[in-house]
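K.L.:
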Amino acid sequence: MKVREMVWWWWIYIAVAVQASIKGEDYVTYDGRSLIINGQRKLLFSGSIHYPRSTPQFYMQNFTTKIVNLMKSEGLYASQGGPIILSQIENEYQNVEAAFHEKGPIYVKWAAKMGVELETGVPWVMCKQTDAPDPVINTCNGMRCGETFGGPNSPNKPSMWTENWTSFYQVYGGEPYIRSAEDIAFHVALFIAKKGSYINYYMYHGGTNFGRTTSAYVITSYYDQAPLDEYGLLRQPKWGHLKELHIMIKNCSTPLLQGVQSNFSIGPLQQAYVFKEGTGACVAFLVNNDATKNVTVQFQNNSFELLPKSIGILPDCQNMVFNTAKVSTKPNKRITTLTKMFNEVDMWKEFKEDIPNFLDTSLRSNSLLEHMNTTQDKSDYLCFQPNSTCPQPVLHVESLGHVVHAYINTIFIEAGHGSHDTKGFSMDIPITLIDGINNVSILSVMVGLPDSGAFLESRYAGLTKVTIQCSESYIYDFTNYTWGYQIGLEGEKLQVFKEQSLEEVEWSEIDDSTNKSLTWYKTTFDAPIGDEPIALNMSSMQKGAVWVNEQSIGRYWVSFLTSKGNPSQTLYAKIVGTMCLAHSSTLLEIY
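Residues -20 to -1, 1 to 571, numbered by mature numbering (1 follows the signal peptide of the UniProt record, and there is no 0), are exactly what the sequence shown covers, in order.
#1: Along the beta strand (DSSP E) that carries Leu443, what are the first and last residues, could you check?
#2: Can you pull the DSSP bridge partners for Phe540?
#3: Determine the DSSP secondary structure at Trp145, reduced to helix, strand or coil.
#4: Where do the N-terminal and C-terminal ends of the alpha helix (DSSP H) with Cys125 fall, by residue?
#5: Taking the beta strand (DSSP E) that Ile117 belongs to, which residues open and close that run?
#6: May I ask you to report which of helix, strand or coil DSSP gives Asn75?
#7: Check Ala271 in the structure and name its three-state DSSP category.
#8: Go through its chain and collect everything with a Cβ distance to Gly4's Cβ below 7 angstroms, but skip five positions before and after it.
#9: Quickly, what does DSSP pair Met51 with across the bridge? List them, please.
#10: DSSP has Ser345 in a bridge; who is on the other side?
#11: Can you tell me where the beta strand (DSSP E) holding Trp90 begins and where it ends?
#12: List the whole-angstrom C-beta distance separating Met140 from Ile117, where the pair is believed to meet the contact cut-off of C-beta under 8 angstroms.
#13: Do Ser421 and Thr390 count as a contact pair if the criterion is CB distance below 9 angstroms?
#14: Is the distance from the Cβ of Gly101 to the Cβ of Tyr149 below 9 angstroms?
#15: Taking C-alpha atoms, which residue in Leu225, Tyr202, Asp209, Gln205 lies nearest to Ile179?
#16: Using a 10 Å radius around the Cβ and a threshold of 16 neighbouring Cβ atoms, would you call Lys313 buried or exposed?
#17: Is the stretch 459 to 470 in contact with the stretch 525 to 540, if contact means three or more CB pairs nearer than 8 angstroms?
#18: Just checking: is the beta-carbon of Ile388 within a distance shorter than 9 angstroms of some beta-carbon in chain C?
#19: Mind reading off the beta-carbon distance from Gly404 to Ser379? Whole number of angstroms is fine, and I expect it under 8 angstroms.
#20: Go ahead and label Arg344 buried or exposed: buried means 16 or more other beta carbons lie within 10 angstroms of its beta carbon, across all protein chains shown.
#21: What's the gap between the Cα of Asn49 and the Cα of Ser26?
#22: Quick check on DSSP: helix, strand or coil for His397?
#23: Report back the beta-carbon spacing between Asp6 and Ser59 to the nearest angstrom; my notes put them in contact at under 8 angstroms.
#24: Less than 8 angstroms between C-beta atoms, sequence neighbours within five positions excluded: which residues of the same chain meet that for Val240?
#25: Hey, how far is the Cα of Asp11 from the Cα of Gly292?
#26: Let's test the definition: count the other Cβ atoms within 10 Å of the Cβ of Glu99 and tell me whether it reaches 16, buried, or not, exposed.
#27: Take every Cβ of the stretch 213 to 232, pair it with every Cβ of the stretch 162 to 180, and state whether three or more of those distances are shorter than 8 angstroms.
#28: Who pairs with residue 574 in a beta bridge, going by DSSP?
#29: Please report the residue range of the beta strand (DSSP E) in which Met407 lies.
#30: List the residues that DSSP assigns as beta-bridge partners of Cys232.
#31: Residues in its own chain within less than 8 angstroms of Glu97 by CB, not counting five upstream and five downstream?
#32: How would you label Glu162, buried or exposed, when you count the other beta carbons within 10 angstroms and need 16 or more for buried?
#33: What's the C-alpha gap between Tyr552 and Lys544?
#34: Check this for me: beta carbons of Ile411 and Leu375, under 9 angstroms apart or not?
#35: Among Asp408, Val325, Val383, Met94, which residue has its Cα nearest to the Cα of Thr402?
#36: So, for Val377: in the same chain, excluding its five sequence neighbours on each side, which residues have a beta-carbon less than 6 angstroms away from its beta-carbon?
Here it is in structure tokens:
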């Protein structure tokens, strides 16, 4: 699929590096009102982009020192004339701080001190950390910081919103989180009205979780609902409405940063925030917190109508020229154009993974091994094989992993999975065994690692119980039995997604058998002419991973449907198209 309406991706870089052209005596400090750059208070907007999620071409102290030194060596800090005006240490640590008891606050002080002593020449911040030690600034993350932020922990620190969530990450089985342009604008204006002076949008530019970089159950697309979507395209009216709001607020920056603020009630659910400067400059924010109806308010002997849940901005305290709930930007729709079909069988070759049996394995254990520590993040896949015989069987599997595939004598019998909100799951599968020794193979699959919370190193994933009920009175418990293990798949080890490794396995014509689990597919195609973003429509597949020109563009899981019966994601991003080049594509379909 080709996605139209391309926007130049360097725009967001400039928005992030808003002070890239600092001249003269370069320094960044702050007071209780705002950041101060070269002696001037600044009201700033910025937008987050994760470069590894865009088109891709040591633990704490060692890592932090390495990054800071790298920035210094390139002269990137504002104190060196560069664009970096802030440094951040830690991220939302307060969410887990209590779990570490008395060691939590000690760590916060140590991390702050360590960062400050690196002498970046710019202020340091800690997000969502109310006890951030001086001189580190405590900041707010969330969707409604104008309502939820308790403010700086010192009168000498500015009020800063470091993550204004424009959407939220989406998980398999979940619908996208749609946050309206009106809601974002309301809370931005409210934060500014309450003397906020810095707002960073997270994310401003969406992206792609290439390879195996997603966290648990998170889809490959990341913050596609941002003002610039996964492909870097404008998402309207969000982008345009916020642009108009930014222009309005920036034009009022002098009274906002230099004036005296006052606030007072103008109705039961209405409030006025007014900034007056000595020169006579004045700006007012009229807030209607009633989400159900319009209201008319009186302000300075004039009447103003406010839309439900909106803020009217009066840049001269007399004329309302902007209302956060009145959107003039027209909505747009991302248009996809079909450029290539892959439905011809002779376009594809396949390679089927062998299902290992107990005797093939070299790693053995007398109990079930924890998945993440066993694979060491080298693969999503871990195969278990006990060795036994049993009549009249029902296979019972319990897992704290994400997906399980069960095989009897190399034949796929059933798969099951959990979800982002339901971590554990179980399966009861009637099975048929042959006379003599049977081989039971269980493939445990992770779809990302945990990304937050205390004691991540102690999290358990993978199989927790495996039994075969042989009869009504007898259960064969494999939980503490001798297991053989295979880490990863043969195709992964041989890297069959690379051009030089394609001949390491025997590729064959696609057959029409139903036992398709653990199959690699490959094809080649010519890139569409042009330089617009390209996406693969994976709606005909089920679950697996994709490589294009040896680059992993992430996992797909089309068969995991939302409550509305739709896949969470069908379009999977590829790098920006290159004219007239042949592309090779490899798919791993695991069921």
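Where is the CB? At the ideal position from N, CA and C, for every residue including glycine.
P.N.:
Quick answer:
#1: Looking up residue 443 in the sequence shown gives position 463. First-last of the beta strand (DSSP E) with Leu443: 443 to 449.
#2: Here the question's residue 540 lines up with position 560 in the sequence shown. Answer is none; Phe540 lacks a bridge partner.
#3: One-based indexing of the sequence shown puts residue 145 at position 165. Here Trp145 sits in strand by DSSP.
#4: Counting from one through the sequence shown, the residue named residue 125 turns up at place 145. Taken as a continuous stretch (DSSP letters only), the alpha helix (DSSP H) holding Cys125 covers 125 to 128.
#5: As a position in the sequence shown, residue 117 is number 137, starting the count at 1. Run containing Ile117: 117 to 122, per the beta strand (DSSP E) assignment.
#6: In the sequence shown, residue 75 corresponds to position 95, counting from 1. The answer is helix: DSSP assigns Asn75 an H, G or I state.
#7: Your numbering for residue 271 matches position 291 in the sequence shown. Three-state result, Ala271: coil.
#8: Within the sequence shown, residue 4 is the residue found at index 24, counting from 1. Because the pLDDT of Gly4 is 46, which lies under 50, any placement of that residue in the model is unreliable, and the number read from its coordinates should be weighed accordingly. For Gly4, where only same-chain residues beyond five positions count, the Cβ hits under 7 angstroms are Asn18.
#9: Position 71 of the sequence shown, counted from the start, is the residue given in the question as residue 51. BP columns for Met51 are empty, so no partner.
#10: Taking the sequence shown and counting its residues from 1, one reaches residue 345 at position 365. Bridge partners of Ser345: Trp463.
#11: Counting from one through the sequence shown, the residue named residue 90 turns up at place 110. Looking at the DSSP string, Trp90 is not in any beta strand (DSSP E); the run it does join, the alpha helix (DSSP H), is 83 to 96.
#12: Here the question's residue 140 lines up with position 160 in the sequence shown. Here the question's residue 117 lines up with position 137 in the sequence shown. 6 angstroms between Cβ atoms; contact.
#13: Here residue 390 refers to the residue found at position 410 of the sequence shown. Here residue 421 refers to the residue found at position 441 of the sequence shown. The answer is yes: Cβ separation under 9 angstroms.
#14: Taking the sequence shown and counting its residues from 1, one reaches residue 101 at position 121. Taking the sequence shown and counting its residues from 1, one reaches residue 149 at position 169. No. Outside cutoff.
#15: As a working note, residue 179 is residue 199 in the sequence shown. Taking only the C-alpha atoms, the option nearest Ile179 is Leu225.
#16: By one-based count along the sequence shown, residue 313 stands at place 333. It is exposed - the Cβ of Lys313 has fewer than 16 other Cβ atoms within 10 Å.
#17: no
#18: Included in the structure is just one protein chain, with no chain C present.
#19: Position 424 of the sequence shown, counting from 1, holds the residue named residue 404. Position 399 of the sequence shown, counting from 1, holds the residue named residue 379. Yes, Gly404 and Ser379 are in contact; Cβ-Cβ is about 7 angstroms, under 8 angstroms.
#20: Position 364 of the sequence shown, counted from the start, is the residue given in the question as residue 344. Exposed is the call here.
#21: Sequence index remark: in the sequence shown, residue 49 carries index 69 (1-based). Sequence index remark: in the sequence shown, residue 26 carries index 46 (1-based). When rounded, the distance between both Cα atoms is 24 angstroms.
#22: Here residue 397 refers to the residue found at position 417 of the sequence shown. Note: His397 maps to strand in three-state DSSP.
#23: Numbered from its first residue, the sequence shown carries residue 6 at position 26. Numbered from its first residue, the sequence shown carries residue 59 at position 79. Between Ser59 and Asp6 the Cβ distance is about 6 angstroms, and since that is below 8 angstroms, they are a contact.
#24: Start at 1 with the first residue of the sequence shown, and residue 240 comes out as number 260. Within the same chain, Val240 has close Cβ partners Phe255, Lys256, Glu257.
#25: Along the sequence shown, read from residue 1 onward, the residue named residue 11 stands at position 31. Along the sequence shown, read from residue 1 onward, the residue named residue 292 stands at position 312. For Asp11 and Gly292, the distance between alpha carbons rounds to 28 angstroms.
#26: Position 119 of the sequence shown, counted from the start, is the residue given in the question as residue 99. Exposed.
#27: yes
#28: Lying before the first or after the last residue shown, residue 574 is absent from the chain, which here runs from -20 to 571.
#29: What you label residue 407 is simply residue 427 of the sequence shown in a count that begins at 1. Where Met407 is concerned, the enclosing beta strand (DSSP E) stretches over 405 to 410.
#30: In the sequence shown, counting from the first residue as 1, residue 232 sits at position 252. None; Cys232 has no bridge partner.
#31: Looking up residue 97 in the sequence shown gives position 117. Contacts found: none.
#32: Here residue 162 refers to the residue found at position 182 when the sequence shown is read from its first residue. Counting Cβ neighbours within 10 Å, Glu162 comes out buried, since at least 16 surround it.
#33: Taking the first residue of the sequence shown as 1, we reach residue 552 at position 572. Taking the first residue of the sequence shown as 1, we reach residue 544 at position 564. Tyr552 and Lys544: Cα-Cα distance of roughly 20 angstroms.
#34: As a working mapping, residue 411 is identified with position 431 in the sequence shown. As a working mapping, residue 375 is identified with position 395 in the sequence shown. Yes, the pair counts as a contact, with Cβ atoms nearer than the cut-off.
#35: Position 422 of the sequence shown, counted from the start, is the residue given in the question as residue 402. Cα-wise, what sits closest to Thr402 is Val383.
#36: Numbered from its first residue, the sequence shown carries residue 377 at position 397. Contacts found: Val384, Met407, Val446.
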